[in-house]
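J.: First to last, the sequence lines map onto chains A and B.
This note's numbering puts the first residue of the first sequence at 1, with every later residue one more than the last.
This note's numbering puts the first residue of the second sequence at 169, with every later residue one more than the last.
Cβ atoms here follow ideal geometry from the backbone N, Cα and C, with glycine treated the same way.
It should be emphasised that the depicted structure is a prediction, and the values quoted were computed from it without experimental measurement.
One structure coming up, written as structure tokens, with questions to follow.
2 protein chains.
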Amino acid sequence: MMQIKEQITERHTLAVTVANEPGVLARIAGMFSARGYNIESLTVADISDQHRISRITIVTNGTPHVIEQIVAQLDRMVPVFSVTDLTLGAHFERELALIKLMIAPGAHDRALALAEDSHAQVIDTAAHSFIFEVTATSEKIDAFVAAAERLGRVEVARTGIVAIARDQ
Amino acid sequence: MMQIKEQITERHTLAVTVANEPGVLARIAGMFSARGYNIESLTVADISDQHRISRITIVTNGTPHVIEQIVAQLDRMVPVFSVTDLTLGAHFERELALIKLMIAPGAHDRALALAEDSHAQVIDTAAHSFIFEVTATSEKIDAFVAAAERLGRVEVARTGIVAIARDQ
């Protein structure tokens, strides 16, 4: 029974702090690629100008054994200060999407109703298009994009997931 | 005069669509690293489950000549479908940050006032901490983080910039 459970693929969200130096992202992405680990989404941004530290949020998937390997591999990379598997504890995940909708004829009011229902902000309005800003869970953004696609052609720019632990 | 102007370093935001296949991110990050191009922020996320396409938003900087080289290099990589330098036209940039504030004694009400002034959402409240969600321009997020740091210790997880062109 344990054997079967170990084979189940799980989705994990990792927070990795690294020295902000040239080539760090290439090395981390290269490690995932070389070992065949999957990257579902990745965001990287400086968190401190003064200390030159970046925080990378990586969403990956694999069996529990693979996730352990990924964490261990990251942990032993030189520019990595810390690796936290946020999925092991209470945490919040959010994503930001900018969605341009080229409104199909007659769909204008339904597009505005969708935005209101989904707590999307309308950040630009043109004659035949809207640009929406949506901050939500990835599932809610998926649902918003699917609903928008029924109202016209869409262009989507998503950040991928960013996450933070609930406890200190 | 032209010579001088050409030396000015500019910040550019590139939207890159790529085939969602293993190793794409490693190759792109590796190209930047090998050639000494800077990555200020990078986000990557699937934009279509059906067509296996990812969109990467890269904020980089360099002289106009270097930016041209970066675009040309990206454009000739095999899994890259398109490269758009959004900085050349009207576009919107946004970023999402999750900010945990361990509230200093006596700073509770000021923290809530800061959140209201900055249109930050309070997504978690504990005895001595808040977690805020802020979607804004990077400059506004910088300002929010700086203000929060005066009210206690902060932990910041940012997505980096995501961007979309205004015109179709």
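(1) Roughly how many angstroms lie between the CA atoms of ARG179/B and ILE141/A, to the nearest whole one?
(2) Let me see if you follow: with CB-CB separation under 8 angstroms, is LYS100/A close to chain D or not?
(3) Do you know offhand how far ARG223/B's Cα is from GLY274/B's?
(4) Could you check what DSSP says for GLU261/B in three-state terms: helix, strand or coil?
(5) If I'm right that THR255/B touches THR181/B with Cβ under 8 angstroms, what's the distance once you round it to whole angstroms?
(6) Going by DSSP in three states, VAL246/B sits in which element: helix, strand or coil?
(7) Is there at least one Cβ from chain A nearer than 8 angstroms to THR211/B's Cβ?
(8) Taking 8 angstroms as the threshold (beta carbon to beta carbon), is ALA281/B in contact with chain A?
(9) Is the shortest distance between the beta-carbon of THR87/A and the beta-carbons of chain B less than 8 angstroms?
(10) If we count the other Cβ atoms within 10 Å of its Cβ and call it buried at 16 or more, is VAL330/B buried or exposed?
(11) Checking the sheet assignment: what are the DSSP bridge partners for ASN61/A?
(12) If we count the other Cβ atoms within 10 Å of its Cβ and call it buried at 16 or more, is THR9/A buried or exposed?
(13) Report yes or no: is there a C-beta of chain B within less than 8 angstroms of the C-beta of ALA104/A?
(14) Is VAL251/B close to chain A? Criterion is C-beta to C-beta, closer than 8 angstroms.
(15) From the DSSP output, read off the bridge partner residues of GLU139/A.
(16) To the nearest angstrom, how far is it from the Cα of GLN241/B to the Cα of ASN206/B?
(17) So what's ALA45/A in DSSP terms, helix, strand or just coil?
T.: Reading off the structure:
(1) Taking the straight line joining both Cα atoms gives about 29 angstroms.
(2) The displayed structure is made up of protein chains A and B, and chain D is not among them.
(3) Using only the alpha carbons, I get a separation of about 44 angstroms.
(4) In the three-state reduction of the DSSP assignment, GLU261/B falls in the strand class, which pools E and B.
(5) Sure, about 5 angstroms apart at Cβ, within 8 angstroms.
(6) Assigned with DSSP and collapsed to three states, VAL246/B falls in coil, not helix or strand.
(7) For THR211/B, a Cβ of chain A is located within less than 8 angstroms of the residue's own Cβ.
(8) No, ALA281/B lies away from the interface with chain A (no Cβ there is under 8 angstroms from its Cβ).
(9) Answer no: the Cβ-Cβ gap between THR87/A and chain B never drops below 8 angstroms.
(10) Classification of VAL330/B: buried, given that the 10 Å Cβ count is 16 or more.
(11) ARG11/A.
(12) Result: exposed.
(13) By this cut-off, ALA104/A is not an interface position.
(14) Among the residues facing chain A, VAL251/B is not included, as its CB has no counterpart in that chain under 8 angstroms away.
(15) None, per the DSSP bridge assignment.
(16) Straight-line Cα distance between these residues: approximately 14 angstroms.
(17) ALA45/A falls in the strand class under three-state DSSP.
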